[in-house]
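Residue numbers (our numbering): 56 to 618.
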């Protein structure tokens with residue numbers, strides 16, 4: 056993509072890598088550079104810094120807030136969210152509610168990420184937020200222990216502990232983030248926006264490129280559960296981006312640059328050393344006030360003597376997200392055979408090259424795409440034999456193998472059984488299905504259900520109810536896999552029969568158009584799933600699996616992008 060004259064949104068733009076990306080982008084003369092950061096102070100500070108370096112061609116804006124929560128909570132710190140019962144429950148609902156119907160639209164449009172993207176309508180997004188750290192460092196291990204302890208206490212504390220623990224679960228956070236990202240990256244032609252063209256993620260390996268022998272940890276475990284959780288989330292995030300990159304048809308190019316070394320540096324200086332944004336208070340413990348050794352096993356408490364007005368000051372190197380390192384720490388972590396390090400400017404260089412369509416060799420998504428094992432020629436050859444064997448066994452045992460509802464979703468079983476009913480009442484003829492009125496077709500299917508106990512029993516026993524043609528009566532067993540006709544009921548109403556007839560007309564028209572376009576050549580141009588390969592004519596037979604596959608491909612827009 057050409058960067059000049061375009062709008063670029065840099066998430067995490069107030070951080071070390073984010074600012075390096077912004078500086079690199081300025082060389083390409085974007086029309087608008089939008090810097091998003093976690094808080095207003097860091098966003099506006101970065102905006103002032105980058106604006107001073109920008110030319111007249113580039114406008115620099117700032118926005119701020121937590122992109123992983125709804126807009127009304129974007130300026131709250133995570134501890135504040137956890138402490139407020141109403142906010143906490145709203146966040147839980149946004150995380151865990153199914154994204155269906157009006158609730159789906161509400162979850163998406165209330166999100167901070169949606170607000171940023173649809174306010175500025177960028178042509179490209181560079182995501183420099185360490186998503187894995189944001190989620191995994193909530194430490195569900197400690198939270199689980201606190202929950203178990205609360206169970207022994209009063210019910211009020213128990214409920215609060217449960218809600219706080221659920222808010223910290225990693226997978227719902229990263230999954231919901233990816234669901235929202237999928238939506239906000241989609242173009243909206245009706246609003247005059249063609250959508251994002253490129254999305255580049257700056258990811259992490261979680262261990263600075265080291266293995267499970269990493270000496271730098273977050274507790275007495277080596278490596279710690281929290282650190283490995285960060286890596287697990289980072290890996291899950293990469294695979295979700297991999298799936299996003301395989302989602303047709305109108306999403307942007309999806310890329311990820313994943314540094315596997317310490318990143319440094321933003322500043323070298325002398326001054327106060329801060330932990331959690333606060334200067335480290337100095338304490339003394341003279342020998343005559345020594346404690347017995349067993350005191351070390353006690354939790355943090357009121358030990359030592361604070362030196363009033365004195366705070367730790369020293370020479371430091373600012374490594375961005377990882378904080379301030381002393382000279383000794385930096386020399387250790389960057390020494391040969393340890394994490395070593397990479398500069399933010401190098402990362403920014405590769406990001407901009409990828410945005411412009413260059414092949415840096417460092418795109419993780421492209422690497423995964425080349426390394427995964429996809430469908431094979433051998434499997435394709437063997438498939439026909441497997442289908443023939445199953446058909447033979449159907450005949451030998453006098454059964455039809457339609458659906459068991461083990462694959463899911465229940466909508467697949469519904470579609471297969473509806474198609475099978477059409478097959479039975481029409482004598483396996485598309486032409487006959489189209490010749491009947493929807494009302495007659497519904498009546499014939501209901502008559503088949505009433506008179507064929509084995510078929511009826513098979514359907515309701517796997518958890519698929521049958522809605523009869525009047526729409527007011529439902530046949531069902533003890534289990535029900537869906538709560539509506541669209542998602543998982545065999546629907547015998549005339550309007551659903553009309554819908555099936557419309558599908559068959561579309562299939563025929565589409566297939567005949569392909570045959571006409573190809574003439575008598577029968578070339579490799581088309582995949583003719585509804586054509587008899589022997590005669591070259593449109594098939595009249597109803598093949599239930601192929602019909603369901605067509606619905607999932609075209610109606611559900613579930614087409615596989617790469618084979």
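The beta-carbon is built from N, C-alpha and C at its ideal position, and this holds for glycine as well.
(Q) As a quick exercise: from 563, 300, 193, 156, pick the residue whose alpha carbon is nearest that of residue 422. (A) 300
Q.
Can you tell me whether residue 371 is helix, strand or coil according to DSSP?
A. For residue 371, the three-state secondary structure derived from DSSP is strand.
Q: List the whole-angstrom C-beta distance separating residue 584 from residue 570, where the pair is believed to meet the contact cut-off of C-beta under 8 angstroms.
A: Rounded, the Cβ-Cβ distance is 13 angstroms, inconsistent with contact.
Q) In whole angstroms, what is the alpha-carbon distance linking residue 362 and residue 339? A) 7 angstroms
Q. With respect to the beta strand (DSSP E) encompassing residue 62, which residues constitute its N-terminal and C-terminal limits?
A. 62-66
Q) Is residue 336 helix, strand or coil by DSSP? A) strand
(Q) Rounded to whole angstroms, what is the Cα-Cα separation between residue 31 and residue 556? (A) The question about residue 31 has no answer, for the chain in this structure spans 56 to 618.
Q.
Rounding to the nearest angstrom, what Cα-Cα distance links residue 308 and residue 459 in this structure?
A. 38 angstroms
Q) Which runs of the alpha helix (DSSP H), 4 residues or longer, sit entirely within the segment 239-309? A) 280-300
Q. By DSSP, does residue 584 sit in helix, in strand, or in coil?
A. coil
Q: Could you tell me the boundaries of the beta strand (DSSP E) in which residue 325 lies?
A: 322-327
Q. In the structure shown, what three-state DSSP assignment does residue 570 receive?
A. Here DSSP, grouped into helix, strand and coil, assigns residue 570 to helix.
Q: Have a look at 582, 540, 126 and flag the residue whose alpha-carbon is nearest the alpha-carbon of residue 605.
A: 582
Q: Could you check what DSSP says for residue 532 in three-state terms: helix, strand or coil?
A: coil
Q. Does the ligand FMN have even one heavy atom less than 6 angstroms from the beta-carbon of residue 526?
A. In terms of ligand content, the structure shown is empty, and the ligand FMN therefore cannot be addressed.
Q: Leaving aside the five residues before and after residue 218 along the sequence, list all residues of the same chain whose C-beta is less than 6 angstroms from its C-beta, in chain order.
A: The residues are 143.
Q.
Let me make sure I understand the geometry here. Which of 126, 346, 441, 510 has the alpha-carbon closest to that of residue 161?
A. 126
Q: Can you tell me the Cβ-Cβ gap for residue 420 and residue 240, rounded? I've got them flagged as a contact below 8 angstroms.
A: Residue 420 to residue 240, Cβ: 14 angstroms. No contact.
Q) Rounded to a whole number of angstroms, what is the C-alpha to C-alpha distance between residue 354 and residue 197? A) 14 angstroms
Q.
Can you give me the C-alpha to C-alpha distance between residue 522 and residue 561, rounded to a whole angstrom?
A. 25 angstroms
Q.
Between which two residues does the beta strand (DSSP E) holding residue 119 run?
A. Annotation for residue 119: the continuous beta strand (DSSP E) segment containing it runs 114-119.
**Q.** Residue(s) in a DSSP beta bridge with residue 527
**A.** Residue 527 is not bridged by DSSP to any residue.
**Q.** Whole-number beta carbon distance between residue 202 and residue 216, since they are thought to touch under 8 angstroms
**A.** 5 angstroms
Q: Give a yes or no on whether the C-beta atoms belonging to residue 371 and residue 334 are separated by under 7 angstroms.
A: At least 7 angstroms separates the beta-carbon of residue 371 from that of residue 334.
Q. Opposite residue 125 in the DSSP bridges: which residues?
A. Beta bridge pairing from DSSP links residue 125 with 166.
(Q) Helix, strand or coil for residue 87? Go by DSSP, reduced to three states. (A) In the displayed model, residue 87 falls within a strand according to three-state DSSP.
Q) Looking at C-alpha atoms only, which residue of 89, 465, 394 is the closest neighbour of residue 519? A) 465
Q) Taking the alpha helix (DSSP H) that residue 141 falls in, what are its first and last residues? A) 140-151
Q: Just confirm the distance between the C-beta atoms of residue 315 and residue 264, as a whole number of angstroms; I'd bet it's less than 8 angstroms.
A: 3 angstroms
Q.
Using only the alpha-carbon positions, how far apart do residue 131 and residue 254 sit?
A. 27 angstroms
Q) Going by alpha carbons, who is nearest to residue 287 out of 516, 500, 260? A) It is 260 whose Cα lies nearest to the Cα of residue 287.
Q) From residue 576 to residue 238, what distance separates their C-alpha atoms? A) 42 angstroms
**Q.** Runs of alpha helix (DSSP H) lying entirely within the segment 375-442, each at least 4 residues, in chain order
**A.** The segment 375-442 contains these whole alpha helix (DSSP H) runs: 382-388, 399-410, 419-426.
**Q.** Nearest-angstrom Cβ-Cβ length linking residue 395 and residue 321, presumed shorter than 8 angstroms
**A.** The pair is not a contact, with the Cβ atoms about 18 angstroms apart (cut-off 8 angstroms).
Q. Under three-state DSSP, which class holds residue 109?
A. DSSP places residue 109 in the coil class of the three-state scheme, outside both helix and strand.
**Q.** 8 angstroms CB neighbourhood of residue 402 in its chain, flanking five on each side removed
**A.** Answer for residue 402: 72, 75, 76, 257, 312, 314, 318, listed in chain order.
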